[in-house]
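What follows is one structure encoded as structure tokens, with my remarks underneath.
Number of protein chains: 2
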Amino acid sequence: MAMNSQILLARRPQGAPVAEDFRLVETPLPEPGPGEVLVRHRFLSLDPYQRGRMDDAKSYAKPVAVGGVMECQAVGQVAASRDPAFKEGDWVLGGFGWQGFSARPAKALIALDPKEAPPSTALGVLGMPGLTAWVGLEDIGQPKVGETVVVSAASGAVGQVVGQLAKIRGARVVGIAGGGAKCAFVTDTLGFDAAVDHRGDLDAQLDAACPEGVDVYWENVGGAVQAAVFPRFRDFGRMVMCGMVAQYNTASGAAAAGAPAGPNLGPVVRKRLRIQGFIVNDTGWPRYGQFRAEMLGHIAAGRMVWREDVAQGLEAAPAAFIGMLAGRNFGKQLVSLP
Amino acid sequence: MAMNSQILLARRPQGAPVAEDFRLVETPLPEPGPGEVLVRHRFLSLDPYQRGRMDDAKSYAKPVAVGGVMECQAVGQVAASRDPAFKEGDWVLGGFGWQGFSARPAKALIALDPKEAPPSTALGVLGMPGLTAWVGLEDIGQPKVGETVVVSAASGAVGQVVGQLAKIRGARVVGIAGGGAKCAFVTDTLGFDAAVDHRGDLDAQLDAACPEGVDVYWENVGGAVQAAVFPRFRDFGRMVMCGMVAQYNTASGAAAAGAPAGPNLGPVVRKRLRIQGFIVNDTGWPRYGQFRAEMLGHIAAGRMVWREDVAQGLEAAPAAFIGMLAGRNFGKQLVSLP
Numbered sequence: 002m003a004m005n006s007q008i009l010l011a012r013r014p015q016g017a018p019v020a021e022d023f024r025l026v027e028t029p030l031p032e033p034g035p036g037e038v039l040v041r042h043r044f045l046s047l048d049p050y051q052r053g054r055m056d057d058a059k060s061y062a063k064p065v066a067v068g069g070v071m072e073c074q075a076v077g078q079v080a081a082s083r084d085p086a087f088k089e090g091d092w093v094l095g096g097f098g099w100q101g102f103s104a105r106p107a108k109a110l111i112a113l114d115p116k117e118a119p120p121s122t123a124l125g126v127l128g129m130p131g132l133t134a135w136v137g138l139e140d141i142g143q144p145k146v147g148e149t150v151v152v153s154a155a156s157g158a159v160g161q162v163v164g165q166l167a168k169i170r171g172a173r174v175v176g177i178a179g180g181g182a183k184c185a186f187v188t189d190t191l192g193f194d195a196a197v198d199h200r201g202d203l204d205a206q207l208d209a210a211c212p213e214g215v216d217v218y219w220e221n222v223g224g225a226v227q228a229a230v231f232p233r234f235r236d237f238g239r240m241v242m243c244g245m246v247a248q249y250n251t252a253s254g255a256a257a258a259g260a261p262a263g264p265n266l267g268p269v270v271r272k273r274l275r276i277q278g279f280i281v282n283d284t285g286w287p288r289y290g291q292f293r294a295e296m297l298g299h300i301a302a303g304r305m306v307w308r309e310d311v312a313q314g315l316e317a318a319p320a321a322f323i324g325m326l327a328g329r330n331f332g333k334q335l336v337s338l339p
Numbered sequence: 002m003a004m005n006s007q008i009l010l011a012r013r014p015q016g017a018p019v020a021e022d023f024r025l026v027e028t029p030l031p032e033p034g035p036g037e038v039l040v041r042h043r044f045l046s047l048d049p050y051q052r053g054r055m056d057d058a059k060s061y062a063k064p065v066a067v068g069g070v071m072e073c074q075a076v077g078q079v080a081a082s083r084d085p086a087f088k089e090g091d092w093v094l095g096g097f098g099w100q101g102f103s104a105r106p107a108k109a110l111i112a113l114d115p116k117e118a119p120p121s122t123a124l125g126v127l128g129m130p131g132l133t134a135w136v137g138l139e140d141i142g143q144p145k146v147g148e149t150v151v152v153s154a155a156s157g158a159v160g161q162v163v164g165q166l167a168k169i170r171g172a173r174v175v176g177i178a179g180g181g182a183k184c185a186f187v188t189d190t191l192g193f194d195a196a197v198d199h200r201g202d203l204d205a206q207l208d209a210a211c212p213e214g215v216d217v218y219w220e221n222v223g224g225a226v227q228a229a230v231f232p233r234f235r236d237f238g239r240m241v242m243c244g245m246v247a248q249y250n251t252a253s254g255a256a257a258a259g260a261p262a263g264p265n266l267g268p269v270v271r272k273r274l275r276i277q278g279f280i281v282n283d284t285g286w287p288r289y290g291q292f293r294a295e296m297l298g299h300i301a302a303g304r305m306v307w308r309e310d311v312a313q314g315l316e317a318a319p320a321a322f323i324g325m326l327a328g329r330n331f332g333k334q335l336v337s338l339p
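If you read the sequences in order, they're chains A and B. Each residue of the first sequence is one higher than the last, beginning at 2 in the working numbering. Each residue of the second sequence is one higher than the last, beginning at 2 in the working numbering.
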């Protein structure tokens, strides 16, 4: 009998996830029912939000059950179809989970055209991370020509798109990343105006990179980076709160006991700052068509590039996820399945 | 020779202002030139923002010079006019300072009609504090029917208007004030749904007053009140940052050394919060006509009341100002001049 490999949440992590929090199991291949499609997964998307799903805490989405398959978006190819909308070999996108196969209702799948863009981009630059970048800039960041935009986790899935979109809007863009290779990528490949290595002296580098202060800060990380950028806001600055991955491993990623204090908010009044959080699922998907059309135009014009970090094989997923939370990925983290 | 009493900034305060930071002097009565008007001040407005003007720190407005007259808005009556637009006895509004008289260009004065509303309201419910409340709710707070709005410094000049406007919009309004008399005023006179005494157990009272959490928090104070309200935000909550009077006496009211830490911002992402500061002078005055028309309607309909705390005589101004920063005023703080 054909089998399906799955990675389950073995237990809820205490702080940073470790290998023992996951379990690889073999289960029978699912059988598609009428109107369903069996999908062979080709790329799994690993994203920081999945850390939140591992905790049993009140949040904007239900947690993964202990013993349940870890959640993720994935792209794959139809292996067997019981719906006329799909045939074997078609590329599809959906919420397929950390596993090799899944059987899903055809109407829950989004068809992908591999001639338009590589299918893996549906998980990155043309997918949720790209849409996240676009929505956050459209709705909150709103960078203007000549403004200074600082992007944390600049070489990551969201950060690369944020910075390139801000450049397209005419802003000066400074990317914060960890280490020389990522910083070189940020300036040389992504075309940002400057890079700041958060492993070095943040204040000195930010002084040099942002001599007139910061108009927009794209917050992916929290912690020391946030503390260094916050005092540099100019009047009417905007802080786009996309995530604070530096504290996702603290209790529920929240202001619970143990979470570090934040900045004193006095400057929010004096400088008329706007600090706003958002979740792409709230308002993003109804605007996906507009986003995609713009992005395909940028890609065709050579204004938008991307980098993927591809782990090989399902069994590599836990270590890749753990590494991503520690900043060891270099680009959008994917897992490639054979 | 007729003389003018003035209160000067004698020196920059270190922390909370003390009486010695001010100096009362007698100077010759100013002489209006052509096109100017001599105004006899009747009411001076004392407002928390004036504390910021006493520091020599970068802010949205220039500081008062040491030896200069303390700034404030005031209403008064024309004592002598060298401009055809005004005649003796006319009521006017302007930025007249902590003094008994001033000579100003006629075009810098705003005429008041005492039959429409008591002139002192031009410094409160119909003036800058009222406009502040209106702008902050229009642009940031945007309370909806059935939402819970928490207002700090609820019996103060801005807070009273915020809560009443939020009630008019159909929100449930909880006012935070200091002591039983102010709390009774908040519920019995202003008509808020509940009052919380910040001198008591904040958490227990907020639990009781906001069982479903907070949708809009109007921030006038900072400190312990902010820390108690912040964790209670519901998803999509808005924090209208109007002021943080609890720390105006720390170095430049800023996140400078010594300012207390703020809340960890993790919940801003998870709950999609918006924290935004504003200054009424940025965008408020071009909309003054709309604000005033609405407010006169509310007043005529009995939906808008106000309370003033009136100190008697210019020499009482420093103590009244010091007391206001400590929360000892009860209502909009004015100084009445004979």
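The C-beta atom is built at its ideal place from N, Cα and C for all residues, glycine as well. Fair warning: this is a prediction, and the values are worked out from it, not measured in the lab.
- Within the same chain, and ignoring the five residues on either side of Val-174(A) in sequence, the residues whose Cβ sits closer than 6 Å to its Cβ are Val-150, Gly-164, Ala-167, Lys-168, Phe-193 and Asp-194.
- Glu-148(A) has its alpha-carbon roughly 37 Å from the corresponding atom of Lys-116(A).
- By the rule that beta-carbons nearer than 8 Å mark a contact, Gly-263(B) touches chain A.
- Between Tyr-61(B) and chain A, the shortest Cβ-Cβ separation is below 8 Å.
- In this chain, Ile-8(B) is not harboured by any alpha helix (DSSP H); it is covered by the beta strand (DSSP E) spanning 4-10.
- With the rule of 3 Cβ pairs closer than 8 Å, the segment 58-66 of chain A does not count as touching the segment 132-145 of chain A.
- Chain B places a beta carbon closer than 8 Å to that of Gly-278(A), counting this residue as a contact.
- Cβ-Cβ distances below 7 Å link Ser-6(A) to Leu-25, Glu-27, Gln-100, Gly-101 and Leu-315 in the same chain, with the five nearest sequence neighbours on each side left out; the list follows chain order.
- Rounded to the nearest angstrom, the Cβ distance from Val-187(B) to Ser-156(B) is 6 Å, consistent with a contact under 8 Å.
- Contacts between Asp-283(B) and chain A, judged by CB atoms closer than 8 Å, involve Arg-273 in chain order.
- Within chain B, not a single residue places a beta-carbon under 7 Å from that of Ala-158(A); the smallest gap is close to 16 Å.
- Contact check between the segment 259-273 of chain A and the segment 240-249 of chain B: three or more CB pairs, one atom from each, fall below 8 Å, which counts as touching.
- For Val-217(B), not one C-beta of chain A is nearer than 8 Å to its own C-beta.
- The way I'd put it, the segment 74-82 of chain B doesn't touch the segment 10-24 of chain B; fewer than three beta-carbon pairs between them come closer than 8 Å.
- Here Lys-333(B) carries a strand assignment [DSSP, helix/strand/coil].
- Beta-bridge partners assigned by DSSP to Tyr-218(B): Val-151(B) and Met-240(B).
- A Cβ-Cβ distance of about 4 Å is found for the pair Ala-247(B) and Gly-223(B), placing them in contact under the 8 Å criterion.
- At a cut-off of 8 Å between C-beta atoms, Met-325(B) does not count as an interface residue with respect to chain A.
- Each residue's CA atom was taken as its position, placing Gly-128(A) and Arg-105(A) some 20 Å apart.
- Using a CB distance cut-off of 8 Å, Val-269(B) counts as an interface residue toward chain A.
- Shown here for Val-215(B): same chain residues with a beta carbon closer than 7 Å to its own, the five before and five after excluded, namely Thr-149, Val-151, Val-230, Arg-233, Phe-234, Arg-235 and Gly-238 in chain order.
- Residue pairing by DSSP places Ile-280(B) opposite no residue, since no beta bridge is assigned to it.
- Put simply, the backbone Cα of Ala-196(A) is about 10 Å away from that of Asp-189(A).
- Asp-310(B) counts as buried, since at least 16 other C-beta atoms from the protein chains shown sit within 10 angstroms of its C-beta.
- The C-beta distance from Val-70(B) to Leu-9(B) rounds to 6 Å, short enough to meet the 8 Å contact threshold.
- Shortest Cα-Cα distance from Glu-295(A) to any of Ala-178(A), Val-162(A) and Lys-59(A) involves Val-162(A).
- For the segment 238-249 of chain A, the set of residues with a beta-carbon nearer than 8 Å to any beta-carbon of chain B comprises Met-242, Cys-243, Gly-244, Met-245 and Gln-248, in chain order.
- Among the residues of chain B, none has a CB under 9 Å from the CB of Ala-86(A); the nearest is roughly 34 Å distant.
- Contact with chain B is absent for Leu-138(A), since none of that chain's Cβ atoms lies less than 8 Å from the residue's Cβ.
- Taking C-alpha positions only, Arg-54(A) is separated from Arg-271(B) by approximately 12 Å.
- Straight across, the Cα-Cα distance linking Ala-260(B) with Leu-326(A) is about 32 Å.
- The beta carbon of Asp-198(A) sits closer than 6 Å to those of Cys-184, all from its chain and outside the five residues before and after it, given in chain order.
- Separation of the CB atoms of Ser-46(B) and Gln-74(B) is rounded to 5 Å, and the pair is thereby assigned contact status at 8 Å.
- Taken in chain order, the unbroken stretches of alpha helix (DSSP H) that lie wholly in the segment 111-188 of chain B and span 4 residues or more are 129-137, 158-169 and 181-185.
- Annotation: Glu-295(A) is outside any beta strand (DSSP E); the continuous alpha helix (DSSP H) that includes it extends over 289-301.
- Put simply, of Gly-68(B), Leu-110(B) and Phe-97(B) the residue whose alpha carbon is nearest the alpha carbon of Asp-84(B) is Leu-110(B).
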